[in-house]
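Asker: Numbering (the numbering used here), first residue to last: 15 to 360. Glycine is no exception: its CB is placed at the ideal position from the N, C-alpha and C atoms. All values derive from a computational prediction rather than experimental measurement. One structure is given below, represented as structure tokens, and several questions about it will come after.
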């Protein structure tokens, strides 16, 4: 077994860290190829086994084979001879739907399916690739991503603000950190949301068993997550689903998806969090066909970043932008509206 020594500048073949995890204290022994399947997005077991065979998987600084059994507190690193692709940013001529632009910033309406920044199997076709192509000298954020003040998930559509100067980057980022920006989303969630409006508070952090998910931590585990607050309001009740507005007070990864699931209302067709199954409704075959048709019309989680507000970094004017709900969500809502008119609900 070879030692992992990335600090050795004289090493002929420098290795670059692509993934790093520390196993939970209570982790029961599990083969590392199976373990990494839950942590590395878009990875197959054969790819993980090939990486182990090449000596690219290290546990506690030592290269291991794919049958190594992960134990509690193991420090796992996956390294390759090339830098992570997200560090190799290349401009691509991809159209951008620009809602507003001036010398300091632009507001973009991102389509569903577009990744915001490269990483985890999506190394081209991202919003960052498009921004680099269309704009020169965008300032980098703290993660080295040009222009990016905040992000939304790949399959979430809607508004993003992009900074064009260092001053705008600093000023806008501070508003997101201090919760003075305004962000409203529209979502279709499973179930009839009982209260007309409410607030979900719960610390959000990485799921201990599935690193591709986040979860709410509470009680003694609260410190494993970061504080998160989501305000929701019912827009329309549609029988077995509800159309809701969600306003973010904080901006944690997958926040609305995690918080709504936490209160029993998983987002409609949110595959990562289990919303691609029928969670509410009847056992009739006809109903199953109806829901399957809705999934086909809206092949993603039903979430759209509709409203974005912030104070302009130069003029100090508060600006608010709105977008229409995209066609796929509108069609899905229309199908549920039609369905609810012709059915009786419990």
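(1) For a test of the three-state rule: what should DSSP assign to residue 173, helix, strand or coil?
(2) For residue 327, count neighbouring Cβ atoms within 10 angstroms of its own Cβ and tell me buried if that reaches 16, exposed if not.
(3) Going by DSSP in three states, residue 333 sits in which element: helix, strand or coil?
(4) Determine the burial state of residue 352: buried for a count of at least 16 other Cβ atoms within 10 Å of its Cβ, exposed for fewer.
(5) Tell me whether residue 172 is buried or exposed, calling it buried when 16 or more other Cβ atoms sit within 10 Å of its Cβ.
(6) Are the CB atoms of residue 175 and residue 103 nearer to each other than 8 Å?
(7) Considering residue 59, what are the terminal residues of the beta strand (DSSP E) in which it resides?
(8) So residue 217 is in the beta strand (DSSP E); what residue range does that whole segment cover?
(9) Enumerate in chain order the residues of its own chain whose CB-to-CB distance from residue 265 is below 8 Å, with the five nearest sequence positions on each side excluded.
(10) Per DSSP, what kind of secondary structure is residue 310 in: helix, strand or coil?
(11) Which whole-angstrom value is the C-beta distance of residue 43 and residue 76, which I expect to be below 8 Å?
(12) From residue 246 to residue 201, what distance separates their C-alpha atoms?
(13) Are there 16 or more other CB atoms within 10 angstroms of the CB of residue 34, so buried, or fewer, so exposed?
(14) Just to confirm my understanding: we take residue 63, look at its own chain, exclude 5 residues before and 5 after, and list those with CB closer than 7 Å. What are they?
(15) When DSSP labels each residue in this structure, what does residue 350 get in the three-state scheme?
(16) Taking the beta carbon of residue 348 as the centre, do at least 16 other beta carbons fall within 10 Å, making it buried, or is it exposed?
(17) Here's the rule I'm using: 16 or more other beta-carbon atoms within 10 Å means buried, otherwise exposed. How should residue 109 be labelled?
(18) Name the DSSP beta bridge partners of residue 201, please?
(19) From the DSSP output, in three-state form, read off residue 33 for me.
(20) From this set, 338, 320, 298, 282, which residue's C-alpha is nearest residue 308's C-alpha?
(21) Is the beta carbon of residue 170 closer than 8 Å to that of residue 319?
Answerer: Well, looking at it:
(1) strand
(2) buried
(3) strand
(4) Sixteen is the threshold: since fewer than 16 other Cβ atoms of the shown chains lie within 10 Å of the Cβ of residue 352, the residue is exposed.
(5) Looking at its Cβ environment, which holds 16 or more other Cβ atoms inside 10 Å, residue 172 is buried.
(6) no
(7) For residue 59, no beta strand (DSSP E) run applies; the uninterrupted alpha helix (DSSP H) run containing it begins and ends at 59 to 67, by DSSP.
(8) 217 to 220
(9) Hits under 8 Å: 164, 190, 197.
(10) helix
(11) Contact between residue 43 and residue 76 is absent: CB atoms are separated by about 17 Å, not below the 8 Å threshold.
(12) 10 Å
(13) By the 10 Å Cβ count, residue 34 comes out exposed.
(14) 47, 80, listed in sequence order.
(15) helix
(16) exposed
(17) exposed
(18) 258, 317
(19) strand
(20) 282
(21) Between residue 319 and residue 170, the C-beta gap is smaller than 8 Å, which places the two residues in contact.
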